[in-house]
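Each remark here refers to the structure printed beneath this line.
Number of protein chains: 2
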Amino acid sequence: MKDTPETQAPWPPAPWTAGAAFLDGRYMPVGEARIPVTDWGYRRSDVTYDVVGVWEGAFFRLDDHIARFRRSMEALHLRPPETDDEIRAILHRVVALSGLRHAYVAMDCLRGAPPPGALRHPALGRAYLSCYAVPWVSVASEEMLARGMHLMIPQVRRIPPESFDPRVKNFHWGDLTAGMFEAQAAGADFAILLDGQGNVTEGAGFNVFCITDGVVATPARGALEGVTRASVMELCAEAGLACEVRDIPAEEFRAADEIFACTTAGGIMPASRIDGRILRNDRPGPISERLRARFWEKRAEGWHATPVNYALAEEPAG
Amino acid sequence: MKDTPETQAPWPPAPWTAGAAFLDGRYMPVGEARIPVTDWGYRRSDVTYDVVGVWEGAFFRLDDHIARFRRSMEALHLRPPETDDEIRAILHRVVALSGLRHAYVAMDCLRGAPPPGALRHPALGRAYLSCYAVPWVSVASEEMLARGMHLMIPQVRRIPPESFDPRVKNFHWGDLTAGMFEAQAAGADFAILLDGQGNVTEGAGFNVFCITDGVVATPARGALEGVTRASVMELCAEAGLACEVRDIPAEEFRAADEIFACTTAGGIMPASRIDGRILRNDRPGPISERLRARFWEKRAEGWHATPVNYALAEEPAG
């Protein structure tokens, strides 16, 4: 895996190699991309986002991410000036400007804030985009991937759909962050949160699956409808594995034969422990590993890939 | 009410008159205070804050706000370098630098982010402060205060304490923002959210009280323990009014004789309608108005007041 640009000259120079951003109409090195402390995107977390990965110079499922981003914006009454085609062009350009062949590419839409003196209502905000490409980051370390992730179920409960629809990708991570502190205290790598009814939802930025008697299952509610999750379902269909989308009680999850997580920033990530219980031989399970291997095989074959247009990498004006 | 500085020369010059900020160790005009788009304070809403008001050149209950801010930071494992005394000095200085006699003064503590290459865990973040003073803003307009606020109970439910403790002041406003859109669609001024059990919690940045048969009541759970809420309890005690802190079902709230909201940015704000029902004569209720009048009388007398040290207003170095 290469985290550094492969193009040498004339683009990109430092500081663009650390990442490139598009903020409210302008391109800049990511280190210069800053938002006002008074912006409601920060101050009320009134923002939605999406993240698409670039691997070997190609986006994975770019249009699926843009379509979900648009659905999220609509759900929050956020209407930036850019069309989907313009967003697509911006994402190509921030990756091109960074020169990165492996990138984590974020697209945010912030509320802005009402003009001074106006009523303090979000409908009066001026929605705008913030997008950036930075070197690929993985949720799990290589060591974790090799031994299998150690998961735990914390006390904190996932914010329920009645309060915020988890299918609208959002930065309300207080529950997930609390879970990460609980996991750290328990000596685990990651926390998997339950909902108020005791069913499994998701972790901090990833969906989860469990496998019992050869049947794969993933939560039906309380979680993001992940793009990598959809890819896993396609892999299951291809492999002839039953994949159920339904409620998964904590007890079933803890007793599963195998568990894995999945996310844009990490692909398929098998677990080897849950709440201290060792799954099988304390290593990633065989079905999880088969799905993971097939995922990267297909990626290498160009599955759902859109090559980045690196020709957009001339220095931006202004 | 004066929104403009009273000192003329030599301080403050524009652009400080729009507000002054302290960000991560440096003072600057508020318009220059910006946070990185990659900061977890924004990106995971991993941040807590507090807001103290300045009226006629004096803070209201400054130490209570700083004490709550510290409790919130502790709850989130956020440990910035500044002591409480240093925070107090920063707040005095941002107000002095703005020259404002009436100000909304925010103090935030953000997670920052782990250094590049480190494990992506919040415990590795570098917590830092962002504070600013801007001209006083009121939650309610003068017209709303005169006629009484029109409230409504939306479909969206308040994020439950099991997911995020509402006593830790936070920017997880997605539910409150959704409520504001529901209120707008219903022709109301503000939404008051219920919890999952159907009890009243709070609105977007304010606590609520209802009065039935001369007894005042406010929700025991699911809401911020507001500093103005505490002040209302003191006023009730002084006036010989019973004030109960307990669960308030939606039906009781809708049927109350009087309702009012309270917040730093607005004081006591009586309502005249709830879900279309007219309370009494479609005007603020008599007990609410008496409490409101007494609140501002006592404020004028210097109740819980700490005069701002405007002598700190020399131009900052760097």
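Heads up: the protein sequence lines correspond to chains D and H, in order. First residue of the first sequence: 6, per our numbering; consecutive thereafter. First residue of the second sequence: 6, per our numbering; consecutive thereafter. All residues carry an ideal CB built from backbone N, CA and C; glycine is no exception.
- In the structure shown, D/T233 adopts helical secondary structure according to DSSP, grouped into three states.
- Scanning D/R73, D/A235, D/V56 and D/R106 for the CA closest to the CA of D/P17 turns up D/R106.
- Chain-order list of chain H residues neighbouring D/E148: empty, with the shortest C-beta distance near 11 angstroms, by a criterion of under 7 angstroms.
- Counting along the chain, no alpha helix (DSSP H) covers H/T88, and no H or E run does either.
- For H/F211, the closest of H/Q189, H/M185 and H/V220 by C-alpha to C-alpha distance is H/M185.
- Any Cβ of chain D closer than 9 angstroms to the Cβ of H/T233 would place that residue at the interface, and such an atom is absent.
- Ranked by Cα distance from D/E249, the options D/G192, D/A310 and D/A222 are led by D/A222.
- A distance of 9 angstroms or more separates the beta carbons of H/P86 and H/Y109.
- Using a Cβ-Cβ cut-off of 9 angstroms, H/E79 does not count as an interface residue toward chain D, since no Cβ of chain D sits closer than that to its own.
- Counting C-beta pairs with one atom in each stretch, the region 229-238 of chain D and the region 266-278 of chain D have three or more that are closer than 8 angstroms, which means they touch.
- Among the residues of the region 176-197 of chain H, those with a Cβ less than 7 angstroms away from any Cβ of chain D are F176, H177, W178, G179, D180, T182, M185, F186 and Q189, in the order of the chain.
- The Cβ-Cβ distance between H/S77 and H/R163 does not fall below 9 angstroms.
- As computed with DSSP, D/L156 is found in a beta bridge with D/F195 and D/I279.
- Under DSSP, the beta-bridge partners assigned to H/V56 are H/A111.
- Distance from the Cα of D/A38 is smallest, within the candidate group H/E37, H/P34, H/G36 and H/T43, for H/T43.
- Comparing C-alpha distances from D/E243 to each of D/R75, D/H126, D/R299 and D/F258 shows the shortest one belongs to D/R299.
- A distance below 9 angstroms separates the beta carbons of H/D218 and H/D262.
- Here H/T206 carries a coil assignment [DSSP, helix/strand/coil].
- Put simply, the region 25-33 of chain H does not touch the region 15-35 of chain D. Fewer than three CB pairs are less than 8 angstroms apart.
- Residues of chain D with a Cβ closer than 9 angstroms to the Cβ of H/E230 do not exist; the shortest Cβ-Cβ separation is about 17 angstroms.
- Shortest Cα-Cα distance from D/P127 to any of H/L181, H/Y315, H/A310 and H/A191 involves H/L181.
- In the three-state scheme derived from DSSP, where H, G and I count as helix and E and B as strand, D/F74 is classed as helix.
- For D/F211, no CB of chain H lies under 9 angstroms from its own CB, so it is not counted at the interface with that chain.
- In the structure shown, the three-state DSSP call for H/S135 is strand.
- Contact between the region 87-100 of chain H and the region 303-310 of chain H is not established, with fewer than three Cβ pairs separated by less than 8 angstroms.
- Taking 8 angstroms as the cut-off between beta carbons, none of the residues of the region 256-273 of chain D comes near chain H.
- Between D/V220 and D/A255 the beta-carbon gap is near 18 angstroms, outside 8 angstroms, which marks them as no contact.
- Identification of chain D residues near H/I40 by a Cβ-Cβ cut-off of 7 angstroms yields R39, I40, V42 and Y47, ordered along the chain.
- Bounds of any alpha helix (DSSP H) do not take in D/P289, whose DSSP letter is neither H nor E.
- Within the same chain, I158, R162, R163, V205, T206 and A255 come within 8 angstroms of H/L199 by CB-CB distance, once the 5 residues on both sides are set aside.
- Per the C-alpha coordinates, the member of H/T311, H/A101, H/A63 and H/E79 positioned closest to H/M33 is H/A101.
- In the DSSP assignment, D/Y315 falls outside any alpha helix (DSSP H), carrying neither H nor E.
- In the three-state reduction of the DSSP assignment, H/I164 falls in the coil class, being assigned neither a helical nor a strand state.
- Interface residue (Cβ-Cβ distance to chain H less than 9 angstroms): D/R152 is not classified as such.
- Residue-level contact check: D/R162 touches chain H, since one or more beta carbons of chain H fall below 9 angstroms from its beta carbon.
- Per DSSP, reduced to three states, the secondary structure at H/I95 is helical.
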